[in-house]
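Worksheet: the structure to be examined is printed underneath.
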Amino acid sequence: LNIIALKADGGMRDALSIFDQVVSFTRGNITYEEVIRNLNVLDYEYYFRFTEFFLQNKVSDALLLFNDILSKGFEGSHFISGLASHFRDLLVSKDEVTLPLLEVGAAIRERYKEQAKMSPVDFLYKGLALCNQCDIQYRESKNKRLLVELTLIQLAQLIETKEGSKKKQAQQIKPIVKEERVKDNSNTSSSQSLGAKQQTKERATQQQSSSEVREPQQVHYKTGDTSSQAKAAENNQGETKKPSLKDLQGSNSNKKIPSFNKNEISFSIRGGNQTETEEQQSKEVVSSSKEVVLGDADFTDEELKDSWVDYAMSLPIEHKASAMRMKSATLNRIDEVTFEMVVDNAIIERDFITLKPFIESYLRKQLDNGGVTMEVRVIEPEENKRPFSRMEKFQMMADKNKALYKLRDEFDLELY
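To convert, note that position 297 of the sequence shown is 297 in this note's numbering; the numbers rise steadily by one, no gaps.
Below, the structure written as C-alpha cells:
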C-alpha cells in the first residue's frame, strides 16, 4: 500500500485506480514483488545494497549494480531520486524522535534502523548533496549515464576504510626536494640581504666623498684671453676632464651665428612633401567641386516609385527600419518635380529630413532631372482614419473604385 501511495503521489483517486489495476493484474494476490513489477518501481533492496557498497568503498560493485538497473529499463533520474530518498530515510531513522517521518512499512522499518546505525551522519549529508546535484544536472547533461556513474564513484569515496588510510600513509614520501629548495631559497635570500646592505654602505660612502669635493667655480672667459684659460685649467686638474670652452669656441669661431626672425621660426612637420600634398588636396577639391550636369526629363509616378524603392533596397542593414518605412510610405505628387512623403510622427520626420539630401541626389540621377525635390510631412489626425468595420472598409474601397457600388446594386449584395 505504501508503494501504491507513493506512485499516486498523494492523490486518492489515482491511488484507487492504481489499486484496481494491481488487483486485476495479480488476480487478487497482492504482494510487494507483484506491485513493484506491475508499477515498474525500483525495489528497496537495490538502495540497501548500494549503501553497503558505498560504506565499503566498492566502486566496481556499485557500477555493475547500476548497469543491472539500466538493463531492466529504469532511468537514471528515477534511480538518483530514489537513492536520495533512501539517504533521507536513513537520516530520519537515526533518531527515535524523527522516526515517525519514515514513510515505509513496519517490516522494512527495522532494516532502516540497522543500516542507519552503520551510516555516519556526515556520509548521509554529503550523499544527499551529491544526489541533489546530480538530479539538477541530469536534464542538461549530454552523457547522463556518465553523470550518474561519477556520482556513484564520489559516493563510494566519501568514507575511508582502515586499509585505505594505511595505504595512503605508507605511500607518503618525505618531501626532501622541497626542504632543499627551502634551504636554498633561505640562503639566497640571506645573501641577497647581505649584498643589499653592502650596496647601501658603498652608496653612503660615495655620497660622503662627493660632498667633501668642492664644487667647481664658474669662470667667465673671453674669446681671446688664453692666459686666463690656462690658469683655470691648472686650478681644475683634479676634476674630470670635460670639453673646454676654448675648444668649443675655437671650433665655432669661424662659423657665423645665424639670425632668425620670429616669423620665420615656424616650420612644417611634413617637410618637402608639403607642396605635393597641397597640390593633391587642391586637385581633389577642384574635382569634387565639379557638379554633374543633369537634365530636366519628365517622369511618371511609377518611375518615381520604382526609383524610391530601389534606393530603399540599397540602404545598409543599419538603416533597415528606414528602408521598411520607405517601402510602405505614401508619396503624394505636388507638382512636376516636387513630391511629399507622409509619415506617422515627428520622430520619423526628423530621421528622413537627415536622409533627404541623399535621397534627392539619388532620384535626380535616376530620373535625369536636377529639380527633383522631396518634402516630409507628418500626417494630420483627420487623414489617419483607418476602417475597422466591414461597412467602413467597403466604403473606403468604393470611394477609390466607384464600380463597387454598381456591382452591389446589380447583384443586390449585402454585407454580413
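Idealized CB from N, CA, C, for every residue including glycine. The model shown is predicted, which means the values in this text are computed figures rather than measured ones.
Straight-line measurement puts the Cα of L124 at about 22 Å from the Cα of L146. Sequence-distant Cβ neighbours of G82 in its own chain, meaning closer than 6 Å and more than five residues away, are L42. The DSSP-derived three-state label of E375 is strand. Going by beta carbons, A62 and F54 fall inside the 8 Å limit. Residue environment: H78 is assigned as exposed (fewer than 16 neighbouring CB atoms within 10 Å of its CB, all protein chains considered). M324 and A346 have their C-alpha atoms spaced approximately 17 Å apart. Taking all protein chains in view, the Cβ of I18 is crowded by 16 or more other Cβ atoms within 10 Å, so the residue is classified as buried. In the DSSP assignment, E340 is bridged to N332, E375. Per the Cβ contact rule, the segment 368-377 is in contact with the segment 334-346 (3 or more Cβ pairs under 8 Å). Annotated as proximal: Q115 and F48, with beta-carbon spacing under 8 Å. Annotation for F50: the continuous alpha helix (DSSP H) segment containing it runs 44-55. In the DSSP assignment, H86 falls within the alpha helix (DSSP H) that extends over 76-93. Of the other Cβ atoms in all chains shown, fewer than 16 fall within 10 Å of the Cβ of L70; this residue is therefore exposed. Per DSSP, reduced to three states, the secondary structure at N2 is helical. Listed as beta-bridge partners of D296 by DSSP are N369. Rounded to the nearest angstrom, the gap between the Cα atoms of G11 and Y44 is 22 Å.
Collapsing the DSSP output to three states places R139 in coil. Under the 8 Å Cβ criterion, the segment 298-309 counts as touching the segment 356-371, having at least three qualifying pairs. V148: member of the alpha helix (DSSP H) spanning 144-156, first to last residue. Listed in chain order, the non-local C-beta contacts of D135 below 8 Å within the same chain comprise S77, I80, S81, A84, local neighbours out to five positions each way being set aside.
Around the beta-carbon of S307, 16 or more other beta-carbon atoms lie within 10 Å, marking it buried. When the alpha-carbon of C131 is set against those of M118, H86, T26, the nearest one is in H86. Around the beta carbon of L16, fewer than 16 other beta carbons sit within 10 angstroms, so the residue counts as exposed. Per the C-alpha coordinates, the member of Q133, K393, N143 positioned closest to Q154 is Q133.
T51 is not a Cβ neighbour of S93, given a cutoff of 8 Å. Following the DSSP letters along the chain, one finds S322 inside the alpha helix (DSSP H) bounded by residues 320-327.
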